[in-house]
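Residue numbers (the UniProt record's numbering), protein chains in the order written: chain A, 1 to 429; chain B, 1 to 343. Beta carbons are placed, not taken as given, at the ideal position from N, Cα and C, and that holds for glycine. Notes to accompany the following structure.
And the structure:
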């Protein structure tokens with residue numbers, strides 16, 4: 001049950017009735033009785049809320065920040081329903097207007113559309129549908145809630161997809177499918193064919209030419225069908241918020257963006273992408289990932305306040321990747337790597353090539369450049385200390401044959417993709 | 001781009017209306033206060049020298065050995081003469097109580113009178129005022145045990161009622177036998193309580209609720225009911241509050257900032273200096289083509305024409321530094337780095 005503003009208004013008018021006409025206890029009682037009677041009549045005549053039935057349809061996933069529509073169908077088996085309906089969602093689901101006036105005829109149905117614009121990545125579940133059914137006098141209303149489950153998955157925004165066209169262009173140059181000034185030569189033997197004027201004489205295969213009547217050249221192509229294993233660290237260091245062009249985002253979101261760009265590029269280059277999200281246990285695992293599947297798998301991942309279990313992650317990678325692959329570990333260059341990951345590197349490096357990508361913090365670089373007063377200089381010293389630590393770790397990892405990409409959040413996706421292409425060009429996959 | 005913060009002109013435009021209203025109110029208050037005059041200028045006030053004041057009478061009484069006490073809230077009246085200039089402002093019960101306790105009471109024109117008569121010179125016609133003779137009296141007539149001046153002055157027991165206050169004013173006190181009459185009325189005892197009731201006196205007698213009509217009491221009750229109903233209307237929520245599952249997010253640079261504060265609190269200037277020196281060496285080594293970890297001083301000296309010893313002292317000095325020295329060191333390291341980059 002719920003009262004409306006009219007009940008209060010009637011009681012306010014009653015102030016003058018009591019004050020001027022019936023200044024007594026009886027007057028108050030009479031007015032109160034009248035009001036109670038009106039409320040009772042209204043409640044009796046209002047359409048029931050309990051027997052309403054609901055169903056939903058519409059979007060189940062949407063890219064974060066973009067609009068989608070979820071429909072709610074109300075079926076009313078009882079008498080005519082007039083009132084207000086609220087479809088409650090968590091605030092980050094970004095429902096544009098969650099309250100609507102409803103008027104459902106007896107035995108009829110209405111379809112209500114709610115526009116959602118999720119502001120954060122992840123699964124956004126609908127809470128309850130609450131209906132307030134007004135009586136004919138509009139003084140009181142029946143109210144009740146129904147659970148009508150629905151989930152909209154807000155997908156990672158993938159801002160770095162704008163980098164994809166130039167990267168694909170580079171990939172095509174590498175492939176030799178596109179005329180360019182650079183010799184389009186891969187590293188993997190493709191086939192033999194007859195020499196035509198203009199071919200590089202260095203690519204003549206003399207042994208094959210000797211067996212045939214024509215001069216034969218070898219053709220090459222970039223390696224393909226290689227395996228790329230992306231390991232996303234979702235442990236405590238990924239919770240750190242780093243300021244970039246898109247505002248403060250956790251390292252995890254930037255790492256996801258980079259992983260998405262890399263997997264989009266790798267699948268275009270016909271490499272096979274395996275995805276693994278790991279903190280102290282496997283959080284998500286997508287073998288043979290395609291971009292849509294990957295995006296859906298990433299959406300609900302959040303950082304956890306636990307230590308990254310490097311031993312477990314390496315064991316998982318070794319178990320899954322049967323053949324030699326490029327293992328891309330998206331984590332943060334912190335001193336904990338030294339006693340966590342470093343002792344395990346020999347086991348990993350014998351079978352795979354490891355590439356570590358880390359989001360560096362522009363705030364630390366800004367602090368390192370601070371001068372002027374004592375506070376700024378102490379901050380600069382602290383920041384330099386952190387940067388020196390990262391340089392030392394990078395050098396240490398390089399000595400173990402690990403590639404390191406340490407870039408600002410805005411540059412990391414592009415830098416990682418560039419490194420992948422240069423590894424591919426060098427035939428190191 | 002448009003600035004949204006207000007400038008002086010806009011503030012003035014917005015504020016001149018209220019300012020004008022404030023000035024008008026202030027001006028009106030000053031004018032009204034000036035026109036109404038000061039509190040000491042009241043009629044029948046023993047301190048007032050105005051024509052309608054009573055300083056002359058009070059002065060005469062003092063000369064005749066009567067102590068005059070001016071009050072606006074009489075209480076200690078026992079054994080004294082009580083003179084009430086405006087008895088209509090006092091609750092009748094309280095007035096009766098006061099006059100019972102006072103040795104003599106003079107009431108000036110209490111309501112209701114019997115008849116209204118013009119003030120003028122009248123003859124006493126009673127033993128009470130024979131010594132005074134003719135006096136300026138009038139106003140209202142009253143009924144009493146002794147009646148003088150055509151019933152404009154009557155006495156019942158110790159209470160004297162007088163219909164017109166002319167005989168006490170500065171203007172008329174020297175007419176006829178006014179002064180003698182005033183002295184005989186007010187100078188009956190050693191002490192005279194000159195009671196000028198204020199308007200506040202009346203409300204002290206009755207409580208606030210007693211003054212409110214009954215209808216509004218019940219109206220207020222009904223208003224309370226209305227307030228409760230409106231509160232119920234506003235309090236009822238359309239469905240429960242939906243909590244937001246918030247992820248863990250920490251500012252990544254917080255540990256670095258914490259370390260900076262620790263450095264500062266412990267005045268670790270020497271440690272900070274060695275970190276800054278190391279950072280400069282690390283940045284310069286690749287620029288100069290020196291292997292990391294090697295001493296770049298000689299190469300720097302060769303390029304910048306600085307003496308090797310001073311460069312080495314800047315980059316490697318082990319002397320402890322204080323806080324001020326640290327700021328200076330940071331600046332000179334920057335200068336050196338810029339010089340190398342330009343060279």
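If you compare the alpha carbons of 137/A, 394/A, 262/A, 359/A with that of residue 162/A, the shortest gap goes to 262/A. Contact fails between the stretch 111–123 of chain A and the stretch 135–143 of chain A, because fewer than three Cβ pairs, one in each stretch, are under 8 Å apart. Just measuring C-alpha positions, the residue of 209/A, 355/A, 387/A, 217/A sitting nearest residue 198/A is 217/A. Residue pairing for residue 386/A: DSSP places it in no beta bridge.
For the pair residue 107/A and residue 76/A, the CB atoms are nearer than the 8 Å cut-off.
The C-alpha of residue 352/A lies about 44 Å from the C-alpha of residue 270/B.
Nearest CB-CB separation between residue 379/A and chain B: below the 8 Å threshold.
Contact annotation: in the stretch 67–99 of chain A, residues whose CB is within less than 8 Å of a CB in chain B are 84, 86, 88, 89, 90, 91, 92, 99.
Counting along the chain, residue 18/A sits inside no alpha helix (DSSP H), nor does DSSP assign it H or E at all. Between residue 225/B and chain A, the shortest Cβ-Cβ separation is below 8 Å. Against chain A, a Cβ distance below 9 Å from residue 341/B picks out nothing, because the smallest value is about 14 Å.
Burial state of residue 409/A is buried, judged by a 10 Å Cβ sphere holding 16 or more other Cβ atoms. Between residue 10/A and residue 222/B, the alpha-carbon positions lie close to 11 Å from each other.
Residue environment: residue 310/B is assigned as exposed (fewer than 16 neighbouring CB atoms within 10 Å of its CB, all protein chains considered). Per DSSP, the unbroken alpha helix (DSSP H) holding residue 63/B starts and ends at 55–63. Against chain B, a Cβ distance below 7 Å from residue 8/A picks out 226, 229, 230, 233. Note: residue 70/B is bridge-paired with 194/B in the DSSP secondary-structure output. Out of 174/A, 147/A, 283/A, the CA that lies nearest to the CA of residue 242/B is found in 147/A. Note that the stretch 113–129 of chain B does not touch the stretch 58–78 of chain B; fewer than 3 beta-carbon pairs, one per stretch, sit closer than 8 Å.
Residue state for residue 352/A is assigned as coil, using DSSP reduced to three classes. Taking a C-beta distance under 8 Å as the contact criterion, residue 92/A and residue 244/B qualify as a contact pair. In the three-state scheme derived from DSSP, where H, G and I count as helix and E and B as strand, residue 73/A is classed as strand. Residues of the stretch 15–26 of chain A with a C-beta atom less than 7 Å from some C-beta of chain B are 15, 18, 19, 20, 23, 24, listed in chain order. Residue pairing by DSSP puts residue 359/A in a beta bridge opposite 407/A.
Residues of the stretch 337–366 of chain A with a C-beta less than 7 Å from any C-beta of chain B: 361, 363, 364, listed in chain order.
When Cβ pairs closer than 8 Å are counted between the two stretches, the stretch 379–392 of chain A is seen not to touch the stretch 287–301 of chain A, the count staying below three. Note that the C-beta distance between residue 174/A and residue 428/A is not below 8 Å.
Rounded to the nearest angstrom, the Cβ distance from residue 119/B to residue 149/B is 11 Å, too far for a contact under 8 Å. In the three-state scheme derived from DSSP, where H, G and I count as helix and E and B as strand, residue 134/A is classed as strand.
Below 8 Å, enough C-beta pairs join the stretch 127–137 of chain B and the stretch 174–186 of chain B to call them touching: three or more. Fully enclosed alpha helix (DSSP H) runs of no fewer than 4 residues occupy 254–265, 269–288, 297–304 of the stretch 245–305 of chain B, in order along the chain. Using a Cβ-Cβ cut-off of 8 Å, residue 5/A is close to 230, 233 of chain B, given in chain order.
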